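For the sequence shown, counting from 1, position 55 maps to 68 in this note's numbering; every step adds exactly one.
Just so you know, even glycine gets a beta-carbon here, dropped at the ideal spot from N, CA and C.
All values derive from a computational prediction rather than experimental measurement.
This report refers to the structure that appears directly beneath it.
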Amino acid sequence: MTGAEQLIVIGAGLVAGLLTTTVGVASLVSFPVLVALGIPPVVANASNTLGLIPGGLSGSLGYRRELREQPSATWAVVLTCALGSVGGATLLLALPPGVFEAVVPWLILFTCLIVGAQPWISRWLRSRHTHAPEPRTAMSPVTTVFAALTGVYGGYFGAGSGVMMMAVLGLGLDLEFRVVNALKTLAVLAANVVAGIIFIFVADLNLTAVGLLAIGSVVGGYAGAHLGRVLPPTLLRILIVLAGITAAIAML
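Here's what the structure looks like:
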């Protein structure tokens, strides 16, 4: 890479880190940059996953206050997404690239709809109870299954996985939006860490791209956590939906 190309990759990592901890579509920025620089798609995908791990770590550190509020949900998210990402990373290495491409954009659009409508859906569900239900702060079996499936997708490709996780956790748990956003950031991190470890041993990597993305994403992730905490929930929800729609259209 030339010096200018290296700066571009660092910038892509910075923006991806910001998006990881806010709207959850980091790979939509960083992955196309790597491909545009001539890196083969599968190598770019694996390198991108590994390079964004520092951004997820710094973002989760920035959200540590929110994560401490719900320790049981935090551990459940880590375990389910980590296990799911094993299957996703295996699929990436074993299946033809076009297998998920026809389905994923529509899946992202559907989850955008869920994220946008989540306040109304939650109110409707609560209204069906004859008595005031207890707030749901622990993941149910259904929520756990869908979180694991999101981890599978995160290990396979990941663009829009944060939006999907916001939909799953927003419907499955009665938590403040900032806490759900923190859990989403941790979920993406868990999927990336496990998939990244697998890729180190069995996938081709561009280590230069990995290092440059890591430099940018670690700064962007921490800054994004503070931004995600202070943004009004309605505005953040709108940004997440718009980012998810953009990701789906780009993939289509």
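Given that a residue counts as buried once 16 or more other Cβ atoms are within 10 Å of its Cβ, and exposed if not, what is P54?
exposed
Counting along the chain, where does the alpha helix (DSSP H) carrying Y76 start and finish?
The continuous stretches of alpha helix (DSSP H) do not include Y76, and DSSP gives it neither H nor E.
Within its chain, find whatever has a CB closer than 7 Å to the CB of H82; leave out the 5 residues flanking it on each side and keep chain order.
Note on identity: in this sequence residue 82 is Glu, with His being the wrong assignment. Result list for E82: V192, in chain order.
Evaluate G51 with the Cβ neighbour count: other Cβ atoms within 10 Å of its Cβ, from every protein chain shown; 16 or more gives buried, anything less gives exposed.
exposed
Limits of the alpha helix (DSSP H) - the one that L220 falls within:
L220 to V243
Tell me where the alpha helix (DSSP H) around A89 begins and ends.
P84 to A107
Look up L65 in the DSSP assignment and say whether it is helix, strand or coil.
coil
When DSSP labels each residue in this structure, what does G149 get in the three-state scheme?
As written in the sequence, residue 149 is Arg, which differs from the Gly given in the question. In the structure shown, R149 sits in coil (DSSP, three-state: anything other than H, G, I, E or B).
Return helix, strand or coil for I213, following the three-state DSSP convention.
helix
CB-CB under 7 Å to T87, same chain, minus the five flanking residues each way: which ones, in chain order?
L80, L196 and L199
Secondary structure at P45, three-state DSSP: helix, strand or coil?
helix
Presumed contact (8 Å Cβ cut-off) between L188 and T35, rounded CB distance
Their Cβ separation, rounded to whole angstroms, is 17 Å, which puts L188 and T35 out of contact at 8 Å.
Using alpha carbons as the reference points, say which of G97, A261 and I21 lies closest to R165.
In the sequence on display, residue 165 carries Val and not Arg. When each option's Cα is compared against that of V165, the closest is G97.
Per DSSP, what kind of secondary structure is P54 in: helix, strand or coil?
helix
Would you tell me roughly how many angstroms separate the C-alpha atoms of T124 and R242, rounded to the nearest one?
22 Å
Collapsed DSSP secondary structure at L120 in the structure displayed
In the structure shown, L120 sits in a helix (DSSP, three-state: H, G or I).
Measuring alpha carbon to alpha carbon, tell me which of F170, A160 and G129 ends up nearest A39.
Relative to the Cα of A39, the nearest Cα in the group F170, A160 and G129 belongs to F170.
Touching by the beta-carbon criterion (3+ pairs, under 8 Å), the segment 56 to 64 and the segment 203 to 220:
yes
Taking all protein chains shown into account, do 16 or more other C-beta atoms lie within 10 angstroms of the C-beta of I66, making it buried, or fewer, making it exposed?
For I66, the number of other beta carbons within 10 angstroms of its own is at least 16, and it is reported as buried.
Beta carbon of V28, beta carbon of V42: below 8 Å?
A contact, by the Cβ cut-off of 8 Å.
Sorted by chain position, which residues of the same chain lie with C-beta nearer than 6 Å to I127's C-beta, five sequence neighbours on each side aside?
A180, listed in sequence order.
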